[in-house]
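To start, the structure under review is shown below, and the notes come after it.
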Amino acid sequence: MLFALVFITTALFGVMGPASAHGIGGRTDLPLPAWQLVWAAGFAVASSFVALGAFWSTPRLADAAVGRSLLSVRTTGMRVLFSLTRLFGLFLFVIVLIAAWAGNINSAVNLSGDAFLIWFWVGLQVASFLIGDVWRLFNPFETIADGAAWLWARTRGQSLEPVNIDGMTLWPAVGSILVYLWYELAYHSTESPRSIGVFLAVYSVAVLGGAVRHGRSFVRTAEGFAVLFGKLAAMAPLFVEDGRLRARSPLTGLSRLPHTPGTVPFVLVVLGSTTFDGFTRSSFWLGVAGGQVGWDRTITSTVGLLVIVGLVAMVYFVAMSMMSSLTGEDASELSEIFGPTLVPIAAAYAVAHYFSLLVLDGQRMIIQISDPLGKGWDLFGTKDYAINFTLVSPSTIAWVQTLAIAVGHVLAVAAAHDVAISRYDHRTAVRSQYPMLFVMILYTVIGLFLLLGA
1432 MLFALVFITT ALFGVMGPAS AHGIGGRTDL PLPAWQLVWA AGFAVASSFV
1482 ALGAFWSTPR LADAAVGRSL LSVRTTGMRV LFSLTRLFGL FLFVIVLIAA
1532 WAGNINSAVN LSGDAFLIWF WVGLQVASFL IGDVWRLFNP FETIADGAAW
1582 LWARTRGQSL EPVNIDGMTL WPAVGSILVY LWYELAYHST ESPRSIGVFL
1632 AVYSVAVLGG AVRHGRSFVR TAEGFAVLFG KLAAMAPLFV EDGRLRARSP
1682 LTGLSRLPHT PGTVPFVLVV LGSTTFDGFT RSSFWLGVAG GQVGWDRTIT
1732 STVGLLVIVG LVAMVYFVAM SMMSSLTGED ASELSEIFGP TLVPIAAAYA
1782 VAHYFSLLVL DGQRMIIQIS DPLGKGWDLF GTKDYAINFT LVSPSTIAWV
1832 QTLAIAVGHV LAVAAAHDVA ISRYDHRTAV RSQYPMLFVM ILYTVIGLFL
1882 LLGA
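When we follow our numbering, the leftmost residue of the sequence shown carries the number 1432, and every step to the right adds one.
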């Protein structure tokens, strides 16, 4: 059945001829035979499922997630370093705000667009799953919340105590990340420096208001960026626990992600939005919305975004319903238990869709750091830097995209298998994963189809 699906999809792509993979920003110069992507990813998913069923008979991730201690982060030196990184993060945030509000309105020379939409959004996703929760070191929203707590205590004579985040849901984070994704993918003036300034200002006020109302810990459960980067960091080799920096095998941290209400919708919103981003490059979507501008485009894109997110979520929940019929467990409980296993796919989509954007278009930052407001300055002597669009070849980008899709789904299959093997006997665990395998195949095929811009 699996190879039949892969074969049919390959045949359809073959009839269409060579396609062009792309990153965000309209790069369509990456010629890549469609069959290569489809067969590579299909074979990886199929073979990994078979291998896991044959050789992975006991749960492994939870024990390996403990890792080994490297050093204490509670020393005076580490606290000073942490304070410095927080201040640096706040400094960068203020620079972006100033550039957005007072800089050149031309997004090509204003630092705010590339800093926010490329280096922050894409770069921190990559850093999170490769290194760890880097965002915690620089998060200006937490710094602002801490400052507000200090000011509150000084003026009101009472402390702004942190709330117990273990009892909180992630639904506020679902809302905040959806607002950002709407702004990035549906709003018609995303790259305008002034609109970026308005978004960041409103977002900051909302986060600060929540922190004042619910406590400083609210930022970690309601601020969408912090939640996303934290989920991705569960795949990373470095983490902090009980005041110590620890190292573990990659991927193992997924087994320790809490099943907080709202986690599954959060991950599905991220997956669905990236899928929609690819969908907007399709000939079908260009026929629907390609000629629209202004709010007409925003309205159409908003509907499209919500529909695609809904379809991605529907596929997952249907699979959980099928798994429920195989195991006898409640489908909603299963969806929460297996939700974290989708995180590797989110990481894979980030790389596959945005790698070329980060590596090529991201070079504009070298120019913009010398002239952040686009006023003609040359603070660091980099104003005349020429962007090197041959830094990585089209074939290299294509292979990175191919491997990202394949490896991401293989890791998701492995994580789901580990969860299943920890709950059921070996035979039941393998059978229970048939619906998840279906999800992985469907996500793989759809992801590749959209990546090719077919």
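Positions of the beta carbon are idealized from the N, C-alpha and C atoms, including for glycine.
Note that the coordinates shown come from a computational prediction; the quantities given were computed from them, not determined experimentally.
{"Asked": "Report the partner residues of V1671 according to the DSSP bridge assignment.", "Found": "L1676"}
{"Asked": "Roughly how many angstroms lie between the CA atoms of I1818 and F1547, to the nearest whole one?", "Found": "19 Å"}
{"Asked": "Kindly say whether V1743, judged by its beta-carbon, lies nearer than 7 Å to any beta-carbon of chain B.", "Found": "Here chain B cannot be found, since the structure has a single protein chain."}
{"Asked": "Excluding five sequence neighbours on each side, which residues of the same chain lie with their C-beta closer than 7 Å to the C-beta of F1748?", "Found": "S1766"}
{"Asked": "Name the two residues that bound the continuous alpha helix (DSSP H) containing R1795.", "Found": "1795 to 1799"}
{"Asked": "Which residue wins for smallest C-alpha separation from G1520, given the options F1569, L1616, V1870, F1656?", "Found": "F1569"}
{"Asked": "Three Cβ pairs or more, each shorter than 8 Å: is that satisfied between the stretch 1865 to 1876 and the stretch 1839 to 1850?", "Found": "yes"}
{"Asked": "My output table needs one value for L1561: the three-state DSSP class, helix, strand or coil.", "Found": "helix"}
{"Asked": "Assuming L1676 and V1504 make a contact with CB atoms under 8 Å, what is their CB distance in whole Å?", "Found": "6 Å"}
{"Asked": "Quick check on the DSSP output: the alpha helix (DSSP H) that includes R1651 runs from which residue to which?", "Found": "1649 to 1653"}
{"Asked": "Which of helix, strand or coil does DSSP assign to R1499?", "Found": "strand"}
{"Asked": "From S1861 to V1476, what does the alpha carbon distance come to, in whole angstroms?", "Found": "One detail in the question is off: residue 1861 reads as Val in this sequence, not Ser. About 14 Å."}
{"Asked": "Report yes or no: do the stretch 1552 to 1564 and the stretch 1765 to 1782 share at least 3 C-beta pairs separated by less than 8 Å?", "Found": "yes"}
{"Asked": "Report yes if the CB atom of G1693 is closer than 7 Å to the CB atom of L1601, and no otherwise.", "Found": "yes"}
{"Asked": "Alpha carbon to alpha carbon, how far is V1774 from V1698?", "Found": "7 Å"}
{"Asked": "What did DSSP end up calling W1487 once you bin it into helix, strand or coil?", "Found": "coil"}
{"Asked": "What do you reckon, are the CB atoms on L1688 and P1771 nearer than 7 Å?", "Found": "yes"}
{"Asked": "Taking the alpha-carbon of L1791 as reference, which of W1532, A1530, W1550, T1516 has the nearest alpha-carbon?", "Found": "W1550"}
{"Asked": "Are the CB atoms of I1627 and S1543 within a distance shorter than 7 Å?", "Found": "yes"}
{"Asked": "Is the CB-CB distance between G1563 and A1664 below 7 Å?", "Found": "yes"}
{"Asked": "Rank V1481, L1492, M1745 by C-alpha distance to the C-alpha of S1686 and give the top, closest one.", "Found": "L1492"}
{"Asked": "Is there contact here, the stretch 1564 to 1584 with the stretch 1640 to 1655, by at least three beta-carbon pairs under 8 Å?", "Found": "yes"}
{"Asked": "Tell me where the alpha helix (DSSP H) around Y1816 begins and ends.", "Found": "Looking at the DSSP string, Y1816 is not in any alpha helix (DSSP H), and its letter there is neither H nor E."}
{"Asked": "Under the three-state reduction of DSSP, which class applies to W1726: helix, strand or coil?", "Found": "helix"}
{"Asked": "Is the beta carbon of G1709 less than 7 Å from the beta carbon of L1879?", "Found": "no"}
{"Asked": "Only counting runs of 4 or more residues, tell me where the alpha helix (DSSP H) segments fall wholly within the stretch 1729 to 1811, in order along the chain.", "Found": "1762 to 1769, 1774 to 1790, 1795 to 1799"}
{"Asked": "Let me know the alpha helix (DSSP H) ranges lying completely inside the stretch 1517 to 1557, each 4 residues or longer, listed in chain order.", "Found": "1542 to 1545"}
{"Asked": "If W1552 sits next to F1660, beta carbons under 8 Å apart, how far is it from one beta carbon to the other, in whole angstroms?", "Found": "No, W1552 and F1660 are not in contact; Cβ-Cβ is about 10 Å, not under 8 Å."}
{"Asked": "According to DSSP, is Q1864 helix, strand or coil?", "Found": "coil"}
{"Asked": "Examine the Cβ distances between the stretch 1799 to 1815 and the stretch 1525 to 1543 and report whether three or more of them are shorter than 8 Å.", "Found": "yes"}
{"Asked": "Can you tell me which of the three DSSP states V1695 falls into?", "Found": "helix"}
{"Asked": "Three or more C-beta pairs under 8 Å: does that hold for the stretch 1736 to 1754 against the stretch 1630 to 1648?", "Found": "no"}
{"Asked": "Any idea if A1847 is buried or exposed, counting beta-carbon neighbours within 10 angstroms, 16 or more meaning buried?", "Found": "buried"}
{"Asked": "Do T1729 and A1837 have their CB atoms nearer than 7 Å?", "Found": "no"}
{"Asked": "Count the other CB atoms, across all protein chains shown, that sit within 10 Å of the CB of G1684; report buried if there are 16 or more and exposed otherwise.", "Found": "buried"}
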